[in-house]
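Engineer:
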């Protein structure tokens, strides 16, 4: 009985998070699915993938039944892990439309669990921090907009992998032997590096590094295009973790990247950067079957030309500052044909992050460093969404290829949510803010309830019917409107690049 109680205490927070995040999945509980940009296209791609899997084609490039039966190379250019999830639920016995609903629900609930894990780790195991961060992230406008308005199932899965990847990267970098003699001794560097590598592969850090690689690979397999924006953010996060860990061990030394520090503790930095390099190399290797042909073949099809003609370029997708802080007009009329789109930062979480700044003195030095790092990443990702950042985008080709600056609302929302979680976490007592700390720490459930209430305008999107068990005839009817099939996008480029 005692063992059962211990297990329940360990798993109860995760079950509670699932319960709190369940209302976010309300539009997928039954009836019509949300009338979104892409949900029907994902339904029919999953229908095609299901037919291919049953025929023994597990990693297809070509979709033979799409484009009116002429075929379409959709799987050569778009990641399809989310469609595999739909097929998995379908193989378990669910009708295909119900499998689509189950996949959206899975992505949203997984986002809550992974964010809870990340924020609780930042707060040294404080469940309240994880609870507030998880609810803030799942009910953030961008996550709900992606699920219920855009129908971006692949992106929702990528957004679920992001917190897991950050958590695993943090664990891998913090649990390696950062202060061993081998890392401080530079006289026999090659020998010491060999010893470091040998001991590292036997440590828990190697396990977390492998988990981080799997999480990043899952992210890429969910949405390869987003990786162009998000992988640099994960890299910067890893650098922040290394610097914060250095400050935790050596609080009174020179700046971590000072040449003297780099040379005198070279092993620490080489091992840290080596872990990051290994994580990304392994993740990219695991998904090379997907992204390598995608990016090599895009130069030979009309993808870029079509996007440029449609106006879908990065220059047309920046936000003004005010758009980061918008909220739906009330009351919300769900029967409007084209309701106003709201894509903004999580306002309550951002406000709570300011409260965390007030509490900064009550945090331990390590938590203070984490808070400042998260705040810097939040500011950076928010800035890159704005038109003010256009000169940065103009000079970085990798960013330009990602097309949509506002997709960075994903990590910005996550960092704001993590900051909100840290703001309610327990800290050391500090003069003048003791009562504020008490109030915040004992109102975490009320704060989470406010996050849910603030998301109500996003939880009742207009619906549209869809076949419970699609057939080839349903696919043909779906593709009849001319705007549905844009097959020229992935056809070979004509002479002269036209």
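Numbering (the working numbering), first residue to last: 2 to 499. Glycine is no exception: its CB is placed at the ideal position from the N, C-alpha and C atoms. Quick caveat: nothing in here was measured; it's all calculated off a predicted structure.
What span of residues does the alpha helix (DSSP H) with residue 377 cover, start to end?
Structural biologist: Element bounds for residue 377: 366 to 384.
Engineer: Would you call the segment 396 to 412 in contact with the segment 366 to 377, where contact means no fewer than 3 C-beta pairs closer than 8 Å?
Structural biologist: These segments do not touch.
Engineer: By the DSSP assignment, the alpha helix (DSSP H) with residue 162 in it spans what residues?
Structural biologist: 154 to 175 is the extent of the alpha helix (DSSP H) around residue 162.
Engineer: Which word fits residue 71, buried or exposed, when buried means at least 16 other C-beta atoms lie within 10 angstroms of its C-beta?
Structural biologist: Classification for residue 71: exposed.
Engineer: Following a CB-centred definition, is residue 17 positioned closer than 7 Å to any heavy atom of the ligand GTP?
Structural biologist: Because no ligand of any kind appears in the structure shown, any question about the ligand GTP cannot be addressed here.
Engineer: Report the CB separation of residue 417 from residue 347 in whole angstroms; it is logged as a contact under 8 Å.
Structural biologist: Going by Cβ atoms, the distance from residue 417 to residue 347 rounds to 5 Å, so yes, they are a contact pair.
Engineer: Under the rule that 16 or more other beta-carbon atoms within 10 Å means buried, what is residue 290, buried or exposed?
Structural biologist: With fewer than 16 Cβ atoms within 10 Å of its Cβ, residue 290 is classed as exposed.
Engineer: Assign residue 115 to one of two classes, buried (16 or more other C-beta atoms within 10 Å of its C-beta) or exposed (fewer than that).
Structural biologist: So residue 115 counts as buried.
Engineer: Going straight from the alpha carbon of residue 214 to that of residue 166, what length do you get?
Structural biologist: Taking the straight line from one Cα to the other gives about 8 Å.
Engineer: Can you name the residues that DSSP bridges to residue 464?
Structural biologist: Bridge partners of residue 464: 35.
Engineer: Ends of the alpha helix (DSSP H) at residue 388?
Structural biologist: Looking at the DSSP string, residue 388 is not in any alpha helix (DSSP H), and its letter there is neither H nor E.
Engineer: If you reduce the DSSP assignment to three classes, tell me which class residue 419 lands in.
Structural biologist: Here residue 419 sits in helix by DSSP.
Engineer: Do the segment 211 to 226 and the segment 79 to 89 make contact, defined as three or more Cβ pairs closer than 8 Å?
Structural biologist: These segments touch.
Engineer: Output the distance between the C-alpha atoms of residue 285 and residue 277, rounded to the nearest integer angstrom.
Structural biologist: The straight-line gap from Cα to Cα measures roughly 12 Å.
Engineer: What are the boundary residues of the alpha helix (DSSP H) that includes residue 297?
Structural biologist: Segment 289 to 298, the alpha helix (DSSP H) holding residue 297.
Engineer: Shortest alpha-carbon distance to residue 124 belongs to which of 99, 415 and 421?
Structural biologist: For the residues 99, 415 and 421, the minimum Cα distance to residue 124 belongs to 421.
Engineer: Over what stretch of residues does the alpha helix (DSSP H) that includes residue 224 continue unbroken?
Structural biologist: No alpha helix (DSSP H) holds residue 224; DSSP gives it neither H nor E.
Engineer: For residue 140, name the three-state secondary structure that DSSP assigns.
Structural biologist: Three-state DSSP puts residue 140 in coil, outside helix and strand.
Engineer: Output the distance between the C-alpha atoms of residue 280 and residue 250, rounded to the nearest integer angstrom.
Structural biologist: The alpha-carbon atoms of residue 280 and residue 250 are separated by roughly 24 Å.
Engineer: Is the separation between the beta-carbon of residue 104 and that of residue 87 shorter than 8 Å?
Structural biologist: Yes, the Cβ-Cβ distance between residue 104 and residue 87 is below 8 Å.
Engineer: When the Cα atoms are used, what is the spatial distance from residue 49 to residue 69?
Structural biologist: Roughly 13 Å between the two C-alpha positions.
Engineer: By the three-class DSSP mapping on this structure, what secondary structure does residue 73 have?
Structural biologist: Residue 73: strand per DSSP, three-state reduction.
Engineer: So, for residue 402: in the same chain, excluding its five sequence neighbours on each side, which residues have a beta-carbon less than 7 Å away from its beta-carbon?
Structural biologist: Taken in chain order, the residues that qualify are 229.
Engineer: Could you check what DSSP says for residue 211 in three-state terms: helix, strand or coil?
Structural biologist: Three-state result, residue 211: helix.
Engineer: Thinking just about the alpha-carbon of each residue, which of 353, 451 and 41 is nearest to the one in residue 100?
Structural biologist: When only C-alpha atoms are compared, the closest one is 41.
Engineer: Spatial neighbours of residue 163 within its chain, please: CB distance less than 7 Å, with the 5 preceding and 5 following residues excluded, ordered by chain position.
Structural biologist: Excluding residues within five positions, the ones whose Cβ falls inside 7 Å are 220, 231, 411, 412 and 415.
Engineer: Is residue 242 helix, strand or coil by DSSP?
Structural biologist: Of the three classes helix, strand and coil, the one that applies to residue 242 here is helix, per DSSP.
Engineer: Residues in the same chain with beta-carbon distance under 8 Å from residue 386, minus the five sequence neighbours each way, listed in chain order, please.
Structural biologist: These residues qualify, in order along the chain: 319, 320, 325, 406, 407, 409, 410 and 413.
Engineer: Buried or exposed, going by whether 16 or more other CB atoms sit within 10 Å of the CB of residue 478?
Structural biologist: Exposed.
Engineer: Could you name the residues of the same chain whose beta carbon sits closer than 7 Å to that of residue 209, not counting the 5 residues immediately before and after it, in chain order?
Structural biologist: If we look at residue 209 and ignore the five residues flanking it on each side, its Cβ neighbours are 169, 172, 173 and 176.
Engineer: From residue 383 to residue 472, what does the alpha carbon distance come to, in whole angstroms?
Structural biologist: The straight-line gap from Cα to Cα measures roughly 43 Å.
Engineer: Once you ignore the five residues that flank residue 242 on each side, which residues in its own chain have a CB closer than 6 Å to its CB?
Structural biologist: Closer than 6 Å at Cβ, skipping near neighbours: 171 and 174.
Engineer: So, at 7 Å on beta carbons, what are the nonlocal neighbours of residue 476 in its own chain, with the 5 sequence-adjacent residues on each side left out?
Structural biologist: Contacts found: 45, 48 and 66.
Engineer: Note down, in chain order, each residue of its chain lying with its Cβ closer than 6 Å to the Cβ of residue 117, except the 5 sequence neighbours on either side.
Structural biologist: Contacts found: 18, 131 and 135.
Engineer: Once DSSP output is grouped into helix, strand and coil, what is the label at residue 320?
Structural biologist: Three-state result, residue 320: strand.
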